[in-house]
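This note's numbering numbers the first residue of the sequence shown as 35 and each following residue consecutively. From the three backbone atoms N, C-alpha and C, an ideal C-beta is built for every residue, glycine too. Contents: one structure, followed by commentary.
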Amino acid sequence: MSKKYKNPVPTVDIIIQIDGDPERIVLIERKNEPRGWALPGGFVDYGETLESAAIREAREETGLEVELLRQFHSYSDPARDPRGHTVTTVFLGRASGTPEADDDAGNAIIRSVDDLPSPMAFDHAQIIDDYVKGRY
C-alpha cells in the first residue's frame, strides 16, 4: 500500500523597489479570492526556478521588468493563505516605470511602505513590516 504525502505548495512574492527607492514599492489589488492588496507574486510552475517564477509573476501582474536583488525571507505559516498551505519565498527586486495591472491583478500602484492600503491579503502586511524593520 503506497502512502500519500500532502505537501505545501511553493509560491513567490516580490517586494519591488521603484527607481532604487526602498521606501516606494509596488502593490497589486487582487481580482480573485482572497481579495485585498498584495505584493506581486504567485505559484511556482513545475520545472521553474523560484527566481524565474518571481520575474514571471512580476511581469504578468505589473508589466514591469524586475531585476532581482536577493532573497529576503521565506514564510510558511500553514494559515498564511486561506486557500491552503503555501510556502512563499520573498524576493527583493527593483524596477523603473509605472506598473500596469494585468493577469489576476485588478490594479497596480506604487506606495510608500509607511502608507499601505487596506485590506492587505495573506500575510503581506507582516512581510512588509519585516522588510521595514530590517530596513531593507
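On the premise that residue j lies in contact with residue i, defined as a C-beta separation below 8 Å, what is that separation, rounded to the nearest angstrom?
i, j, result
"ASN95", "ALA129", "The sequence given here has Glu at residue 95, not Asn. Actually they are not in contact, since the Cβ atoms of GLU95 and ALA129 sit about 12 Å apart, beyond 8 Å."
Classify residue i: buried if its beta carbon has 16 or more other beta carbons within 10 angstroms, exposed otherwise.
i, result
"GLY75", "buried"
"ASP55", "exposed"
I'd like to know whether the C-beta atoms of residue i and residue j end up nearer to each other than 8 Å.
i, j, result
"ILE161", "TYR80", "no"
"LEU73", "ILE89", "no"
"ALA159", "LYS65", "no"
"ILE59", "GLN51", "yes"
"LEU98", "PRO151", "no"
"ALA142", "PRO68", "no"
"PHE106", "TYR165", "yes"
"ARG104", "ASP157", "no"
"VAL147", "GLU91", "no"
Spatial neighbours of residue i within its chain, please: C-beta separation below 6 Å, excluding the five flanking residues on both sides.
i, result
"HIS119", "PRO42, PRO112"
"ASP47", "LEU73, GLY75, THR122, VAL124"
"TRP71", "LEU61, GLU63, PRO151, MET154"
"ARG145", "LEU61"
Suppose the cutoff is 7 Å on Cβ atoms and the five residues either side in sequence are ignored; what does the same chain contact list for residue i look like?
i, result
"LEU102", "GLU85, ALA88, ILE89, PHE125, GLY127"
"PHE77", "VAL43, THR45"
"ASP53", "SER130"
Between which two residues does the beta strand (DSSP E) harbouring residue i extend?
i, result
"HIS107", "101 to 109"
"SER146", "139 to 146"
"VAL166", "Per DSSP, VAL166 belongs to no beta strand (DSSP E); it is in the alpha helix (DSSP H), 158 to 167."
What are the start and end residues of the alpha helix (DSSP H) that includes residue i?
i, result
"LEU84", "84 to 96"
Kindly list the residues whose CB is nearer than 8 Å to the CB of residue i, restricted to its own chain and excluding five residues on each side of it in sequence; keep chain order.
i, result
"VAL100", "ILE48, ILE50, ALA88, ILE89, ALA92, ARG93, GLY127, ARG128, ALA129"
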